[in-house]
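Going by the numbering used here, the sequence shown opens with residue 1038, and the numbers climb by one from there.
In this text, a Cβ means the ideal position worked out from N, Cα and C, and glycines have one as well.
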Amino acid sequence: PALLKAFQYAGAAYLVYLAVHFFRMASLDDTADAPDQPLGIKEGAILTALNFKGMVAQAMMFSLFLDPAQPRLPQLVGLTVFLTTLAASSGAVWMLAGGLLGQLWRSEQGARWQGRIFGVLLLAVAVWMLWKA
């Protein structure tokens, strides 16, 4: 329990730190660390293949929904098709929403509002973490 509290306090402190940086984000010129070109499909495939969280989620889905009393092959095919469709559709929504938000926040005023919104959200999560601690 003491270690859990320490992690909660450390996590909340880190979120406050990040929130302060978002609040201080004043312009679009703070992109010195950003890459010159966006990642391509090859880099995206490598990131996806190395995504440990995604692999664990896939393994959990198969272990939760496969019924040992039923034939295995139809279950594997059905679950694989379902998970592939889910990943493709959620990825498409993620890309579309990111593109729309990128257009919305491309101005100086949009960048400031983005910093304010994200800062408030991070602070809210930090307060919630401290309240639960």
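- For Met1097, the closest of Gly1139, Gln1151, Leu1120 and Tyr1046 by C-alpha to C-alpha distance is Leu1120.
- Where Gln1074 is concerned, there is no enclosing alpha helix (DSSP H), because DSSP gives it neither an H nor an E.
- In the three-state reduction of the DSSP assignment, Ala1106 falls in the coil class, being assigned neither a helical nor a strand state.
- Annotated three-state conformation of Pro1111 is helix, per DSSP.
- Restricting attention to Leu1123, Gln1151 and Val1157, the CA atom closest to the CA of Gly1135 is found in Gln1151.
- Counting along the chain, the unbroken alpha helix (DSSP H) around Ala1050 starts and ends at Ala1039 to Arg1061.
- Remark: C-beta atoms of Leu1103 and Gln1112 approach each other more closely than 8 Å.
- Using a 10 angstroms sphere on the CB of Ala1086, the tally of other CB atoms stays under 16, which defines it as exposed.
- Between Ala1163 and Ala1049 a beta carbon distance of about 4 Å is seen, short of the 8 Å cut, so the two are scored as contacting.
- In the structure shown, the three-state DSSP call for Ser1144 is coil.
- A Cβ-Cβ distance of about 4 Å is found for the pair Gly1156 and Ala1056, placing them in contact under the 8 Å criterion.
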